[in-house]
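Chemist: So in the working numbering, the last spot in the sequence shown is 251, and the numbers never skip.
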Amino acid sequence: MDFLAFFRQNIPTLPEFLVGFPLFGAYAYAALFCAGWLKTRRGVRTGYTRKIFHFLIFTTASLIQAFFGLRLLCLFGIATSAVIAYALLRGEGHLLYEAMAREKDAPHRTYFIITPYLATLLGGILSNVLFGEAALAGYLVTGFGDAIGEPVGTRCGRHPYRVPSLFAVVTSTRTLEGSTAVCIVSFLALALARVISPIIAASPPSWLALAGIALLCAAAEAVSPHGWDNLVLQLLPSGLLALLTSFQL
3 MDFLAFFRQN
13 IPTLPEFLVG
23 FPLFGAYAYA
33 ALFCAGWLKT
43 RRGVRTGYTR
53 KIFHFLIFTT
63 ASLIQAFFGL
73 RLLCLFGIAT
83 SAVIAYALLR
93 GEGHLLYEAM
103 AREKDAPHRT
113 YFIITPYLAT
123 LLGGILSNVL
133 FGEAALAGYL
143 VTGFGDAIGE
153 PVGTRCGRHP
163 YRVPSLFAVV
173 TSTRTLEGST
183 AVCIVSFLAL
193 ALARVISPII
203 AASPPSWLAL
213 AGIALLCAAA
223 EAVSPHGWDN
233 LVLQLLPSGL
243 LALLTSFQL
């Protein structure tokens, strides 16, 4: 499938837009509001609130694509993008913005909201165009595996290491404990994809193969430039699973 065909086939119809956009927008707003409320009213760290929103959005995206199709997923993406854009317009100090903006990213907090958003958007489009239904594996690995790394690192991290940042914007660190959590949860996410994705379930890879992919995902996340891991963690598992299932069919 080429890019033009992808967009033509997945433009929401007017009735879908009129019904789905406000519903999806309200959901995305509520998810971000809850994350922001936890941070600004309950003192929950940004490392947690940011990933709460991340987890809710990716989990919902996975369910929408699995059960309702790619066109409604695109509509969900449009609505979520609108909510993120609104948060950016409100800026520092606003509850929605603060839910996503890390203090340690200052003075480039907005940059590190926009960059992961663009990485997510690009990863979702490319994985669907290149790997079709196997893209679901990328959503799950990114939604679950990547979501767990920062909270575990924030709470339990004892062995930090530096990661690159494009254009040397900020110095960023991850932890071995967080990367281990990414590996374990990525395996569980791949196991879930093995069950619910028709194309993967039709010719399921071995559990050993899934463990190998999970390890590669954790390694890729560990060395990904700060803010760009959402791109890598969508493309890598989707591509590897598409490759494995094509060999087995």
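Glycine residues also receive a C-beta, built at the ideal position from the N, C-alpha and C atoms.
Remember, it's a predicted structure, so these values are computed and weren't measured experimentally.
Based on the DSSP secondary-structure assignment, which residues constitute the bridge partners of SER174?
Modeler: Looking at the DSSP assignment, SER174 forms a beta bridge with VAL165.
Chemist: What distance in whole Å lies between the Cβ atoms of LEU218 and PHE189, which are believed to be in contact at a cut-off of 8 Å?
Modeler: Going by Cβ atoms, the distance from PHE189 to LEU218 rounds to 11 Å, so no, they are not a contact pair.
Chemist: Can you tell me which of the three DSSP states PRO118 falls into?
Modeler: Looking at PRO118 - three-state DSSP - the assignment turns out to be helix.
Chemist: Just verifying my parser: in three-state terms, what is the DSSP assignment at ARG104?
Modeler: Coil at ARG104, not helix or strand.
Chemist: So does the region 118-129 actually touch the region 26-43, counting three or more Cβ pairs closer than 8 Å?
Modeler: Touching, no.
Chemist: Assuming GLY229 and THR51 form a contact by the criterion Cβ under 8 Å, report the distance between their Cβ atoms to the nearest whole angstrom.
Modeler: With 8 Å as the limit, GLY229 and THR51 do not qualify as a contact, their Cβ atoms being about 17 Å apart.
Chemist: If you follow the alpha helix (DSSP H) that HIS56 is part of, which residue opens it and which one closes it?
Modeler: Element bounds for HIS56: 48-70.
Chemist: In angstroms with no decimal places, state the Cα-to-Cα distance between SER240 and PHE5.
Modeler: Whole-angstrom Cα-Cα distance: 17 Å.
Chemist: Please look up how many angstroms separate the CB atoms of VAL143 and LEU192, rounded, as I've assumed it's under 8 Å.
Modeler: Right, their Cβ atoms sit about 7 Å apart.
Chemist: Within 10 Å of its beta-carbon, does TRP140 have 16 or more other beta-carbons around it, so buried, or fewer, so exposed?
Modeler: Here the sequence assigns Gly to residue 140, which means Trp is not the residue at that position. The residue in question, GLY140, is buried, as its Cβ has 16 or more Cβ neighbours within 10 Å.
Chemist: Between the alpha carbons of LEU210 and LEU91, how many angstroms are there, rounded?
Modeler: Using only the alpha carbons, I get a separation of about 46 Å.
Chemist: So, using beta-carbon positions, are ALA63 and PHE23 closer together than 7 Å?
Modeler: Contact flag unset, no.
Chemist: Would you kindly work out how many angstroms separate the C-alpha atoms of THR112 and LEU178, rounded to a whole number?
Modeler: Looking at the two C-alpha atoms, the distance is approximately 27 Å.
Chemist: Look at the Cβ atom of TYR119, then the Cβ atom of ILE86, and state whether they are nearer than 7 Å.
Modeler: Yes, Cβ-Cβ distance for TYR119 and ILE86 is below 7 Å.
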